[in-house]
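Read top to bottom, the protein sequences are chains G and L.
In short: position in the first sequence from 1, add 204, done, that's the numbering used here.
In short: position in the second sequence from 1, add 3, done, that's the numbering used here.
Just so it is clear, CB atoms sit at the ideal spot from N, CA and C, and this is done for glycine as well.
The model shown is predicted, which means the values in this text are computed figures rather than measured ones.
Let me begin by presenting the structure, written as structure tokens, before commenting on it.
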Amino acid sequence: MSRPVIQVENLSKAYQIGQIGTGTISRDLERFFVTKILGKEDPFLKIGENNIRSIKGQSDIVWSLKDINFDIHQGDAVGIIGKNGAGKSTLLKLLSRVTSPTTGEIKVKGRIASLLEVGTGFHPELSGRENIYLNGAILGMRKKEITRKLEEIIDFSGVERYIDTPVKRYSSGMYVRLAFAVAAHLESEILIVDEVLAVGDAEFQKKCLGKMGNISKGEGRTVLFVSHNLGAVQNLCSKGLILENGQLVFDGAINESISKYLQGNSFSNELINSSGRKGNGIVKFEKVTVYGNDESQNVVSGQKLNILFKIQNNHSISCNRIRFDVRIEDDFGQRYSWVSSSLVKINNELVPESILIHYPRNNFNNGIYYATIFLTVDDEVADFIENAFQIIVENGDFFNNGKIVPEKQSKILMDFDMIFS
Amino acid sequence: MQNSRIANEWDLVIKGSTSLFDLRFKDLWNYRDLLFMFVKRDFVSFYKQTILGPLWFFIQPIFTTLVFTFIFGNLAGISTDGLPQQLFYLAGIISWNYFSDCLTKTSTVFKDNAAIFGKVYFPRLIMPLSIVVSNLVRFGVQMLLFLLMMMYFYFFPQTNATFHLTYAVLSVPFLVVLMALLGLGIGLIITAMTTKYKDLTFLVTFGVQLLMYGTTVIYPLSEAKKKFGGMSKLIEYNPMTGIIEAFRYSFLGKGAFSLWSIGYSSIITVFILFFGILLFNKTEKNFVDTI
């Protein structure tokens, strides 16, 4: 096994929450006195709490990361996964030296370039070309290096025509393309990428992922990648780290990590607290359970696929006033399935409490898919949750011949006959 | 022993607490291209989409000189040591401007760049240094104006006001460095102290303006000594006074030029700068969390 290029030991980061004001200075003085003059442990860190955001805590100090240990080896592509607030971004910030740890240390071999945001330091008045130099230098490139790669960067960004126009006149897409192009051509041994791929169109996202794949697989450089897009993580990474409330709960191969993470999420998802939902809420989604052949089984290609929604119907709305749609997309937003109550006959008088969608044969190939759910009552939106939950489809023997179709060949599997004559 | 050998294999160790004196100047050197990129950015973005472009660098000192000449020279009748008033004021204004620009712009470095600093690492000191260098460009352009005006007064001398260059002009580069570093040092201290408690920022905005009156910008030190007596010591203790007086003496031949006062200013500057860099370095590690 190659030697580690990043070694993280007992890494912790505490944050102070709440207001900083007059009250803080007396505490700062006390901390200074106790730690620097008496040489004791910081009294305020002792009372720190886990960073569980939804619970009101007792302390003003929370541990965003607590005692993290891991090694990363040369050429690893590591996906860092975890829910919002798990400490992913804090970890990346520490690794990229934006802020420093409270305790513990990180040892690094090689140059780190981090991409926590695309286009950091772009100046709107400067032209694309000038911004390539500026941004490149901010990311740690020398001028010669940038000049050498200029052609390649411009080419990758696909904005050649506008390269001498101030970037303030760029469309947001062009801006992002240019910014990513610069970052992608960094010659650092270690690349850290936060969810920057959430921007740009699907084609460009694909290009970015491809480039990142090249960087790690082709060039043997080390990549750390944070994303909520499990599909992208799975595609790109070979190793996974799961963070939960500031603690490292799993460190292993990517497929294991993802299934572990999803288990942790439990197979059924509470929807009642989903954020970013729209609608008047007369009828609300409460919970969803996704399963295969029966409730104890995972979702596998070629087998049954069941999606069971529990809904909150406090106003006793009957079926005939409800319209319910589900669409399923992949991680690039490409839609593969749309089903709707408007396509089927529904018992009119029933007051539903749950809805089951049953696909008799699951055509999805192995991968992760995202479902968006939409429900109207009397043609008014009652509840609409985009990317409400994920559907993880495992490899299955779709064609009943023991052969597995690689995900890269096709996302959808269809029955077929092939006739030679 | 073995431990230190292993530690040496790492290029970088990120820790919570590092030595106060670990200033990482090598890092700074590696990022020198960035410094010039920032300078270019400041310069280019300053005159883009303007008609007069870099000419704007001239306009501010010209108008200030005119106003000073009118108010302090003619209306208040403050002596200019027998120098042509315009030259006297302009010399004070451009050097004071350089100092105060370095100070005020540096004093908001953390606040102004929180967005960049929060997303990417580079040695933070690059930013204030680039401010000093871009202001140096501006200062250079204004020096040109000053030299032009000196030429004018040389060919069209005024009857009651004369000036002459002195050999002390050789010390001007050193004086300029002093102005820059003094402004930088004070700015660094202020920016480091305002990341958590913002009180000091309010002081800077009017403090620098008032400090100008405590420096020999609109009056010569000799005049202050005559009028204030012992109180003029306060003005002498201001490290900028020695610098501006020497600057004026170098070009115009009048002013209090002494090795003692320059030495004093240099020592204060070095002390403030050193303290500023230490404080800045200590602050940069965590300021993102509190700003």
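Cut-off 7 Å between Cβ atoms - residues of its own chain near residue i, not counting five sequence neighbours on either side
i, result
"T546 of chain G", "The residue you asked about is not Thr; residue 546 of chain G is Ser in the sequence shown. Hits under 7 Å: R527."
"I9 of chain L", "Unreliable placement is indicated for I9 of chain L, whose pLDDT of 48 sits below 50; the coordinate value is still reported in the next sentence. The answer is none, since no qualifying residue turns up."
"G340 of chain G", "I350, V386"
"A164 of chain L", "G85, L86, P87"
"D582 of chain G", "R525"
"T369 of chain G", "S331, G332"
"N469 of chain G", "Unreliable positioning characterises N469 of chain G in this predicted model, as indicated by a pLDDT of 48, which lies under 50. The coordinate reading is nonetheless provided below. Result list for N469 of chain G: empty, nothing under 7 Å."
"Y305 of chain G", "Residue 305 of chain G is actually Pro in this sequence, not Tyr. The residues are L215, S216, K217, L298."
"N116 of chain L", "M130"
For residue j and residue i, believed in contact at Cβ under 8 Å, the rounded distance
i, j, result
"I589 of chain G", "L475 of chain G", "7 Å"
"S392 of chain G", "G424 of chain G", "Actually they do not touch by this definition, with Cβ atoms about 13 Å apart."
"V209 of chain G", "G314 of chain G", "6 Å"
"A592 of chain G", "A575 of chain G", "6 Å"
"I596 of chain G", "V503 of chain G", "6 Å"
"I342 of chain G", "V123 of chain L", "6 Å"
"Y222 of chain L", "F125 of chain L", "Contact doesn't hold; Cβ gap of about 43 Å is too wide."
"V430 of chain G", "D398 of chain G", "5 Å"
"N551 of chain G", "E611 of chain G", "Their Cβ separation, rounded to whole angstroms, is 39 Å, which puts N551 of chain G and E611 of chain G out of contact at 8 Å."
"I265 of chain L", "A249 of chain L", "6 Å"
"D292 of chain L", "Y219 of chain G", "6 Å"
Cutoff 6 Å; reference residue i; Cβ partners in own chain excluding five residues on either side
i, result
"A227 of chain L", "S235, I238"
"S103 of chain L", "V211"
"F602 of chain G", "S505, G506, L617"
"H432 of chain G", "none"
"V220 of chain L", "G95, W99"
"G450 of chain G", "N255, W267, S268, L269, K270, G291"
"F578 of chain G", "D529, F588"
Residues near residue i in its chain [Cβ-Cβ closer than 8 Å; skip 5 each side]
i, result
"T204 of chain L", "S110, T111, K114, I193, T197"
"M4 of chain L", "Residue confidence is low: M4 of chain L scores 37 on pLDDT, short of 50, so the model does not pin down where it sits. No coordinate-derived value is stated."
"A457 of chain G", "S442, K443, G444"
"L38 of chain L", "I129, L132, S133, V136"
"N241 of chain L", "L214, G217, T218"
"K491 of chain G", "S472, N473, E474, L475, I476, F513, K514"
"G279 of chain L", "L187, G188, I189, G190, L191, I192, A195"
"T68 of chain L", "Q89, Y92, L93, I96"
"S544 of chain G", "R527, F528, D529, V530"
"V363 of chain G", "G332, Y374, M378, R381, L382"
Cross-strand partners of residue i (DSSP beta bridge)
i, result
"W542 of chain G", "G:R531"
"S331 of chain G", "G:P370"
"G314 of chain G", "Partner(s): none; G314 of chain G has no beta bridge."
"P208 of chain G", "G:H277"
"A457 of chain G", "G:K443"
"T594 of chain G", "It should be noted that the sequence gives Gln, not Thr, for residue 594 of chain G. Beta-bridge pairing links Q594 of chain G to G:Y574."
"N473 of chain G", "G:V492"
"T426 of chain G", "G:I394"
"Q516 of chain G", "G:K488"
"I272 of chain G", "G:L215"
"G283 of chain G", "G:F429, G:G444"
"V211 of chain L", "None; V211 of chain L has no bridge partner."
"N510 of chain G", "G:Y495, G:H562"
"F172 of chain G", "Look at the range of chain G in this structure, 205 to 625, and you will see that residue 172 of chain G is not part of it."
- [ ] Could you name the residues of the stretch 44 to 68 of chain L whose beta carbon sits closer than 8 Å to any beta carbon of chain G, in the order they occur along the chain?
- [x] R44, V47, S48, K51, Q52
Task: Members of the stretch 318 to 334 of chain G near chain L, C-beta cut-off 8 Å - done: S318, L320, E321, T324, G325, H327, E329, L330, E334
Task: the stretch 454 to 462 of chain G in contact with the stretch 550 to 567 of chain G per 3-pair CB rule at 8 Å - done: no
- [ ] Flag this pair as touching only if the stretch 251 to 266 of chain L and the stretch 157 to 173 of chain L have three or more C-beta atom pairs under 8 Å; answer yes or no.
- [x] yes
Task: Given 8 Å, three or more beta-carbon pairs between the stretch 150 to 159 of chain L and the stretch 69 to 83 of chain L - done: no
Open item on the list: When you compare the stretch 132 to 141 of chain L with the stretch 313 to 332 of chain G, are there three or more beta-carbon pairs, one atom per stretch, that lie closer than 8 Å?
Closed with: no
Open item on the list: I want to know whether the stretch 285 to 293 of chain G touches the stretch 270 to 277 of chain L - three or more CB-CB distances under 8 Å.
Closed with: no
- [ ] Would you list, in chain order, the members of the stretch 120 to 138 of chain L that have their beta-carbon closer than 9 Å to a beta-carbon of chain G?
- [x] F120, G121, K122, V123, Y124, F125
Open item on the list: Output needed in chain order: residues of the stretch 410 to 443 of chain G with a Cβ under 7 Å from some Cβ in chain L.
Closed with: none
Task: Interface positions of the stretch 281 to 292 of chain L facing chain G (Cβ-Cβ less than 7 Å), listed along the chain - done: K288, N289, V291, D292
- [ ] Report the residues of the stretch 291 to 308 of chain G with a CB closer than 8 Å to any CB of chain L, ordered along the chain.
- [x] K297, L298, L299, S300, R301, V302, T303, S304, P305, T306, T307, G308
Open item on the list: For the pair the stretch 57 to 65 of chain L and the stretch 142 to 150 of chain L, tell me if three or more CB-CB distances fall below 8 Å.
Closed with: yes
Task: Residues of the stretch 73 to 95 of chain L with Cβ closer than 9 Å to any Cβ of chain G, in chain order - done: none
- [ ] Select from the stretch 235 to 268 of chain L all residues with a C-beta closer than 7 Å to any C-beta belonging to chain G, and list them in chain order.
- [x] none
Task: Positions along the stretch 199 to 228 of chain L whose CB lies within less than 9 Å of some CB in chain G - done: K199, Y200
Task: Contact residues within the stretch 160 to 193 of chain L, judged by C-beta distance below 7 Å to chain G - done: none
Task: Interfacial residues, the stretch 380 to 402 of chain G to chain L, with Cβ spacing under 7 Å - done: none
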